[in-house]
Amino acid sequence: MTRIAKGIPRGASIAALAAIAMLLVAACGTGVSVLQPPPAATEQGKATEWLYQVVFIVGVVIFFFVEALIVYAAIRYRRRKGDDSLPPQIHGNNVLEVIWTAIPVVIVAVLFVISWQTLNTVDAVSANPKLRIDVTGFQWQWQFTYPDQGVTLIGLPDKEPELVVPVNETVQVKLESRDVNHGFYVPAFLFKRDVIPGKTNVFDFKATETGVFDGHCTQFCGLLHSKMLFKVRVVTQQDFDAWVAQAQATPTPAPSLTPAPSASGDAGGGGGAVQPVALQLTAQNIAYDTSELSAPAGAPIALTFVNNDNGIPHDVAIRKDSPTGEEVFAGEIFPGVATKVYDVPALPAGTYAFVCTVHPNMTGTLTVQ
Amino acid sequence: MATTVLTPSTARARSGLYDWLTTTDHKKIGILYLASSFLFFLVGGILALLVRAELAQPGLQYMGESAYNQFFTMHASVMLFLFVIPMLAGFGNYVVPLMIGAPDMAFPRINALSFWLLPLAGVIMMLGFVLGGAAAEGWTSYSPLANSKYSPGVGTDLWIVGLILIGTSSILGGINFLVTIFKMRAPGMTMFRLPILVWTVLVTSVLVVLGTPVLTSALIMLFIDRNYGGAFFDPASGGSAVLWQNVFWFYSHPAVYIMILPAMGIVSEIIPVFSRKPLFGYKAFVFATAAIGALGFSVWAHHMFTTGSVYLPFFSFMTFLIAVPTGVKMFNWIATMWKGSIQFSSAMLFVLGFLTMFLIGGINGAFSASVPVDFAIHDTYWIVAHIHYVLFGGSVFAVFGGLFYWFPKMFGVKLNEGLGKLQFVIMFIGFNLTFFPMHELGVAGMPRRIADYSPMAGWNDLNLVATIGSILVGVSVLPFLWNVFVSLRSGERAGDDPWEGNTLEWATTSPPPPYNFDRLPEIRSERPVFDQRHGLPGPAAGH
Amino acid sequence: MTASADVLVPADRGETLEELVHIAEEHAKGGISNPVLGMILFIASEVMFFAGLFAAYFSLRANAPVWPPAGNAEFDLRAHIALPAVLTLMLILSSVTCQIGIWAIRRGDRKGLMRAFTITIVLGILFLAGQLYDYSQLGFGVNDGVFGSTFYTLTGFHGAHVFAGVLMLGVILYRGMAGQFSGRHHDAVEATSLYWHFVDVVWICLFTLLYILN
Amino acid sequence: MIRPRTTLLVAVLFLAIATIYYALSQDAGGTTMLVALAIGMGLLSYTLALGSPKG
């Protein structure tokens, strides 16, 4: 009994030594980074990164300490062949229970306090940020609006939008959703915030280095969640000013999202040699009302497109043969509820697909004979 | 101890399929629970393999986004609601009345109803696959995505109905357990002599009885939103998207403890037996279990840190606090093994696997309690790693440990130890190969629930490793199926008490008679069978 | 750590044989009967079911700029309070008659139980009919924003519970006529009455909240 | 084992949590559920303690 009793502290110290040794190996391994987040690219991210390191080291030490105890106990006290003796029947020890309740309480209390402090840094919102950006999420793209600069960008399936911001300046992001929950996440910022319909979330960041960083939607938002990507490009103030000037000069790089006037009137125009054929298509609940349209060959088409999805942008693009085929026509993207008439040029006979550029799952077949 | 042989006439009076379909015997219902849950484990496992196959490389190779979203949604729904929860309820059903020396559950017919609701619910949920697509909003079914506007398919409605049925089954089961534990204990089986598994089932049942109805109400509100123009979760009509998360997680966080506490109970039964020592700190264990149950109800919003609409420090603090009773349990398990005489049976190996995996699952969970760190890892593969370390590395390893431990009691034959160890080794390696790399993917920024990722993101190798690991996990189930098959046909006869157990189920025959006990040993501690084997301990008989 | 610090023997061991016999006797007597205990646990569970619905109600109400929401004069339920008030009194009365039935069967008075429960069932059915009529008079539906959704869901699910209660009372009545209850054996009656009282209490909360504090 | 009245401390505990929660967050929904939980817990533990055999 006494021999074994002496064995406990020895075992524990061996375990602790092993844990520390392994930790040192892990920490000193130059160039090797295990379970490390990408280097933080914002001031807020650096605070989180520091906190992550603290939690990580505490976690690793606890893991190796406890795991060493498990392994040591399992090996040291394994049953030898032919050993039928009953080990000492120890029912418990109140001192030990208090110790291994109190120590974790202290550890989690410390972690809680430093987490709270870091949270105050990360979550702080400035009253007068240098730049404001309104981010709107919708299935399955992003729209970035610079209200003070009058610049709007919107992503398309083959062209993810790029949020351009100046380095070393406080940028305030306002998050809103037009439909379902989304998540605005930039791994290099070590930060995300949900984008929730009916609720506006605001956060600040101050980028500390230039570069291009990937961003994702992290809150599952339906069919093409995995395609809801964006990039953040951090540039110097001069480059940013130049970019703004260029963006303001070119009328919106991506299709505009300004609500279309209800356009039944301005449709009649474009009378050519051949009278256009009138077709109608309605988008509702992220779906077209029909999957089959047909039109005569060689005549232009006046396609009345009714978007009944409040706040959700749709359009009609016509592509050869299949939804991924060569594009022969792309209508303007506009949010509902609104109606627009697209003047589709005359098409040669054949099979076409019509598809919503924003929602590639909305498709149908257009037969031209 | 002499083996009592049942007289064939009474045992075989009513047998066959009809008997299994109409039985109210808790042991048969328990076995039905285990069998049905295991079938759903295979279904959920196949769905998981499909998901992993698609993620092995960037690009969409085998399925479109629509199928992928259905698969991961149904994988989680099946695994959580039709496998883990019923599997543990199955153990409870089989073992709890035996452990407390009762002839059956308090309400045998309600017990049968609880079980039969489950396969019905499972079939209803699965029907979506053949009726135009199963639910595809993730098992959390966040609204407004789950509203009819964005998810018009009937699959989501079937999912809701199935889940309400499962919830009803759980509530009835929970009430049954509580009444059984409080009212049906044998003389001498005081509350502080209950085996720890019974305590964990007790606390779990409280969580089920008080938590599950909140989920039912949430699902009903969602159903009304979807089908009758309700506006609960529809911001466009004055509803609130965050409200869904509040009511959903108010149940679904305690549900995590519903899925782990009985597993901890199983572990707490197996370690003492194979260490030949009593459980270290029995009362500390009971209090820790109760503390986890109580705290479990005040941490629901730690799933919602990134919504910007919860009071963060409150939930952060409560979440950190849960680590304390969990740590107490871990140290008590280790202290139980300390100075013991540990036998590496298959059951014990799975439990040792549990300790290691659950340790990781506890530590990587604490990362999320730290709010800023959660901002960095929430909804990434880190979380996928965390839940699988807890629910697979934790609960599933404990489930297999429990199956190896109680199989002899259920069927009178032991499972093959060699095949068991083979299964453990493959499963342990496969599991870690699958889920450890997900930590790295998570901190690198790979979001969960994506069907595809950019080949330039640098996630290719780790995803391939994870997929290879998942195949190993799949393969590891084969030796088990073979093991059950050969053992039932020609397994080693077990006898009444093959492991030198502590608790009352080892005092009866294997399998036990319909009424469980011919006679009970005297109950003077939490280990009546141990006391009987080694002589009753009394104040005078201290070692 | 030394051996003396180890708790070798739990303190609560070593009862005498008489003590063991006493424990066994206590078990035989055993507190509340299983069906009644099960019903109370079920009621605890129902409390949480309604908690979810009430949580939605309070949360949506707290989020709304004005309550009841503007735009529909019918949302002012205080104008409709007369019929619901009568229904409330009927439901309270039915709880009283239900309890009278319980007291009767405890005395072994089977006829008294039958009489009291018949009145309870009639009151319950009248309540349901009155509520359906009330629905038909209201100028909004379940699809009228959060107000309609919460109102119909809360009262509708309460109504469903009343309906279930009426069915249970009917079963009790049927079994009572078959002579299945006595002064000693009437657990099912007790359990059903507890459920009925619970449904009554929920209605009083609903009435207060939806009609008076609207 | 435990006197039924003592178990009502569980209800008090959850009422305390609900109060603290409301004071910090002013969240009506969560507070409703916590208060109901106090009632449910109290009812459940009180009856279980009252209904179960002694010991």
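Residue numbers (this note's numbering), protein chains in the order written: chain A, 223 to 591; chain B, 238 to 780; chain C, 22 to 235; chain D, -15 to 39. Each residue gets a CB set at the ideal place from its N, CA and C atoms; glycine is no exception. Note that the structure is predicted; figures quoted are calculated from it, not measured.
Boundaries of the beta strand (DSSP E) in which residue i is found, first to last residue
| i | result |
| --- | --- |
| Arg455(A) | Leu451 to Val457 |
| Asn350(A) | Careful: Asn350(A) lies outside any beta strand (DSSP E) and carries neither H nor E. |
| Ile376(A) | Val373 to Ile376 |
| Gln201(C) | No beta strand (DSSP E) holds Gln201(C); DSSP gives it neither H nor E. |
| Ser516(A) | Glu514 to Ala517 |
Three-way DSSP call (helix, strand, coil) for residue i in this model
| i | result |
| --- | --- |
| Tyr407(A) | strand |
| Gln363(A) | strand |
| Cys439(A) | strand |
| Ser399(A) | strand |
| Pro260(A) | coil |
| Gln769(B) | helix |
| His536(A) | strand |
| Arg302(A) | coil |
| Lys265(B) | helix |
| Gly433(A) | strand |
| Gly564(A) | In the sequence on display, residue 564(A) carries Tyr and not Gly. Strand. |
| Glu554(A) | coil |
| Tyr274(A) | helix |
| Ala349(B) | helix |
| Gln152(C) | helix |
| Arg730(B) | strand |
Opening and closing residue of the alpha helix (DSSP H) in which residue i lies
| i | result |
| --- | --- |
| Cys226(C) | Asp208 to Phe228 |
| Leu409(B) | Val391 to Lys420 |
| Tyr6(D) | Pro(-12) to Ser9 |
| Glu677(B) | Glu654 to Ala681 |
| Asp543(A) | Run containing Asp543(A): none; DSSP gives neither H nor E here. |
| Ser605(B) | Ser583 to Ala606 |
| Arg415(A) | Counting along the chain, Arg415(A) falls outside any alpha helix (DSSP H), though it belongs to the beta strand (DSSP E) covering Phe413 to Val417. |
| Glu506(B) | Ala478 to Ser512 |
Cβ separation of residue i and residue j, assumed to be a contact under 8 Å, to the nearest whole Å
| i | j | result |
| --- | --- | --- |
| Gly590(B) | Phe661(B) | 7 Å |
| Pro522(A) | Ala568(A) | 5 Å |
| Ser512(B) | Gly577(B) | 3 Å |
| Lys542(A) | Val550(A) | 6 Å |
| Leu592(B) | Leu558(B) | So it is not a contact: roughly 22 Å between Cβ atoms. |
| Ala519(A) | Ala500(A) | Actually they are not in contact, since the Cβ atoms of Ala519(A) and Ala500(A) sit about 16 Å apart, beyond 8 Å. |
| His312(B) | Val288(B) | 6 Å |
| Glu95(C) | Phe161(C) | 5 Å |
Contacts around residue i, its chain only, beta-carbon distance under 7 Å, and the 5 residues preceding and following it disregarded
| i | result |
| --- | --- |
| Met501(B) | Thr437 and Lys566 |
| Ser203(C) | Gly129 |
| Met647(B) | Ile268, Tyr331 and Pro748 |
| Trp277(A) | The sequence given here has Val at residue 277(A), not Trp. Excluding sequence neighbours, Val277(A) sits near Leu333. |
Same chain, Cβ closer than 6 Å to residue i, five either side skipped, listed in chain order
| i | result |
| --- | --- |
| Asp611(B) | Phe542 and Ser605 |
| Thr31(D) | none |
| Gln339(A) | none |
Cβ neighbours of residue i in the same chain (closer than 8 Å, five flanking residues each side left out)
| i | result |
| --- | --- |
| Ser513(A) | Thr585, Gly586 and Thr587 |
| Asp394(B) | Phe460, Arg463 and Asn464 |
| Arg(-13)(D) | Ala33 |
| Pro735(B) | Pro645, Lys651 and Ser747 |
Quiz item: Looking at C-beta atoms only, is the number of pairs between the region 82 to 99 of chain C and the region 160 to 168 of chain C that lie closer than 8 Å three or more?
Solution: With a cut-off of 8 Å, the region 160 to 168 of chain C and the region 82 to 99 of chain C count as touching, because enough Cβ pairs lie within range.
Check whether the region 446 to 459 of chain B touches the region 485 to 505 of chain B, counting contact only when three or more Cβ pairs, one atom from each stretch, lie closer than 8 Å. Contact between the region 446 to 459 of chain B and the region 485 to 505 of chain B is present: three or more C-beta pairs spanning the two stretches fall below 8 Å.
Three or more C-beta pairs under 8 Å: does that hold for the region 218 to 231 of chain C against the region 169 to 188 of chain C?
Touching, yes, given that three or more Cβ pairs across the two stretches are closer than 8 Å.
Original post:
Would you say the region 699 to 709 of chain B touches the region 329 to 346 of chain B, given that touching needs at least three Cβ pairs under 8 Å?
Top reply: No: fewer than three Cβ pairs fall under 8 Å.
- So, do the region 295 to 315 of chain B and the region 349 to 356 of chain B have three or more beta carbon pairs nearer to each other than 8 Å? By the C-beta criterion, the region 295 to 315 of chain B is judged not to be in contact with the region 349 to 356 of chain B, since fewer than 3 inter-stretch pairs fall below 8 Å.
Practice prompt. Spell out a yes or no on whether the region 514 to 522 of chain B and the region 307 to 315 of chain A are touching, meaning 3 or more CB-CB pairs, one atom from each, closer than 8 Å.
Written response: Verdict: yes, contact present.
Worksheet item: Is the region 674 to 687 of chain B close to the region 728 to 743 of chain B, with three or more CB pairs under 8 Å?
Response: The region 674 to 687 of chain B vs the region 728 to 743 of chain B: no contact.
**Item:** Stretch pair the region 261 to 271 of chain A + the region 469 to 487 of chain B: three plus CB contacts closer than 8 Å
**Value:** Flag = no, the region 261 to 271 of chain A and the region 469 to 487 of chain B do not touch.
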